[in-house]
Amino acid sequence: WNVKHPSRYARMLATGEMPVADSEHVAAEDRLVERIMLELRIAEGLAVDAIPEDRRPMLAVHRDRGHLEPEALRAGRAVLTRQGRLLADAVIRDLVP
477 WNVKHPSRYA RMLATGEMPV ADSEHVAAED RLVERIMLEL RIAEGLAVDA IPEDRRPMLA
537 VHRDRGHLEP EALRAGRAVL TRQGRLLADA VIRDLVP
């Protein structure tokens, strides 16, 4: 993440420094969980290929419950319906490893 104070941020940029205060390493499994949590909530949804194979049967369950758009699933994307957006945390919980 970047340095907090705007004047320090600007000063670092002006001198050619990157205004980075700190960073963290995110493990591959955590990146996958973050991706599922974030992308499923956007209008374009999440590519089905991004979901672990052992969790993919839950896509049909949530489609049948009215949480996922059937057309989008046939096209390879998991897109939440209006009802699914209200229950996004439950859908995500079933899709993450």
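Position one of the sequence shown corresponds to residue 477 (my numbering), numbered consecutively onward.
Idealized CB from N, CA, C, for every residue including glycine.
Keep in mind it's a predicted model, so treat the numbers as computed, not measured.
So who's on the other strand from residue i, going by DSSP bridges?
{"i": "V537", "result": "Answer is none; V537 lacks a bridge partner."}
{"i": "R553", "result": "A523"}
Span of the alpha helix (DSSP H) holding residue i?
{"i": "E547", "result": "546-550"}
{"i": "G560", "result": "558-562"}
{"i": "M494", "result": "M494 -> no alpha helix (DSSP H), and no H or E assigned at all."}
{"i": "R484", "result": "482-490"}
{"i": "V509", "result": "504-515"}
Less than 8 angstroms separating the beta-carbons of residue i and residue j?
{"i": "L563", "j": "I512", "result": "no"}
{"i": "A497", "j": "V509", "result": "no"}
{"i": "Q582", "j": "H543", "result": "Any answer about residue 582 is impossible in this case: the structure gives the chain only from 477 up to 573."}
{"i": "P575", "j": "R507", "result": "Residue coverage of the chain in this structure runs from 477 to 573, which leaves residue 575 outside it and unanswerable."}
{"i": "L514", "j": "V524", "result": "no"}
{"i": "L489", "j": "P495", "result": "yes"}
Does residue i get closer than 8 angstroms to chain B when you measure Cβ to Cβ?
{"i": "L563", "result": "Going by chain labels, chain B is absent from the structure shown, which holds only one protein chain."}
Three or more C-beta pairs closer than 8 angstroms, one from the stretch 539-550 and one from the stretch 496-503: is that the case here? no
Does the stretch 509-522 come close enough to the stretch 551-563 that 3 or more CB-CB pairs lie under 8 angstroms? yes
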